[in-house]
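Reviewing the structure listed below.
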Amino acid sequence: MEIKNLETFQLSAPLEIPFGWSQDTISSRSVGLVKITTDDGIVGWGEGCGGPSAAVVEDILAPLIIGENPINRLKLWQKMFHSLYNANLAVGYGGSAISAIDTALWDITGKILGLPIYDLLGGQIRNSVPVYATGLYYTEGEMPTRLLAEARGYVESGFIGMKTKIGGLKIEDDVKRVKAIRDEIGPDIKLMVDANQAYNASSAIRIGQKLAHLDLVWFEEPVNAQDIDGYLSVKSSLPMAIAGGENLRTRYEFQQFLSRR
């Protein structure tokens, strides 16, 4: 068996209400997909190759894996990674491109073996997991009616908690916004905030201290994803947990963080 073909697809849909976070405001949502087909007609799908990542898939990675056995995922991952590593492309768009292909290869492997991927990753441990809602983005004219109605809706839908954005307003205005959400949902629902790398360490500490009385479970991405010293400074200065990692793409990046935690 070998990989016969690889295709990319770019999908986009307009939003009813544009929304934003600290770094951007968008009016549509987009996603990139990879479709890998074997010579036996088995198809695997992967996600994560939007925008420039699609060019990395098509121009750099696809020629490396066409004709290879799709079950040899580790060999193919290393081949793709090392093709990008020397040019410092293995993170960011390059990492997303590898991830999309890797996911599609897992999909093919599961179909060949007739097994769900969770069995290939070690098997089922539990029947359910607690779920929180990510939402409460910035929208024009949201305060207070629409924002608080959204927060109420998550509680009524049975979510154990919710996460809102900070970093897009002045610190005082963001604190008022988060307090309004906490007052609306009460003390028993978990509440988290996500700055999407909006601050330097001193500003992150300042808003974190002003939010501390609102019983936050965690403060996500307070500083630049690569600023380990900044993370350590924020962590040592605030009472809530500090979260991050969504913009780290490889185990090597994670290793740097974990070794200094």
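Position 209 of the sequence shown, counted from 1, bears residue number 208 in numbering that gives the first Met the number 0, the numbering being contiguous throughout. C-beta: ideal position from N, C-alpha, C; glycine also. What you are looking at is a predicted structure, and each value in this text was computed from that prediction instead of being measured.
Alpha carbon to alpha carbon, how far is residue j from residue i? Give it in angstroms, no decimals.
i: Leu73; j: Glu155; result: 44 Å
i: Ile204; j: Ser232; result: 8 Å
i: Glu139; j: Phe18; result: 8 Å
i: Thr37; j: Ser82; result: 22 Å
i: Gln9; j: Gly43; result: 16 Å
Measuring CA to CA, which of the options is closest to residue i?
i: Asn246; options: Gln196, Leu237, Leu168; result: Gln196
i: Ile97; options: Ala240, Pro238, Val33, Asp38; result: Val33
i: Ser235; options: Gln254, Ser127, Arg260; result: Arg260
i: Gly262; options: Ala194, Ile184, Lys175; result: Since the first residue shown for the chain is 0 and the last is 260, residue 262 is missing from the structure and cannot be characterised.
i: Tyr136; options: Thr24, Phe8, Thr7; result: Thr24
Cβ of residue i within 8 Å of Cβ of residue j?
i: Ser52; j: Ser95; result: yes
i: Phe218; j: Ile241; result: yes
i: Val56; j: Ile100; result: yes
i: Pro221; j: Gly207; result: yes
i: Val130; j: Ile159; result: yes
i: Glu46; j: Thr7; result: no
i: Leu75; j: Leu104; result: yes
i: Ile41; j: Ile111; result: yes
DSSP beta-bridge partners for residue i?
i: Pro13; result: Ser27
i: Ala242; result: Glu219
Might you give, ordered along the chain, the residues of its own chain that have their beta carbon closer than 8 Å to the beta carbon of residue i, omitting 5 neighbours on each side?
i: Leu213; result: Val177, Lys178, Arg181, Leu190
i: Phe80; result: Ala89, Ile97, Thr249
i: Pro143; result: Ala179
Return the chain-ordered list of same chain residues with a C-beta closer than 7 Å to the C-beta of residue i, the five sequence neighbours on each side being excluded.
i: Asn68; result: Met0, Glu1
Excluding the 5 residues preceding and the 5 following residue i in the sequence, name in chain order all residues of the same chain whose CB lies nearer than 6 Å to its CB.
i: Ala61; result: Leu5
i: Lys209; result: Val174
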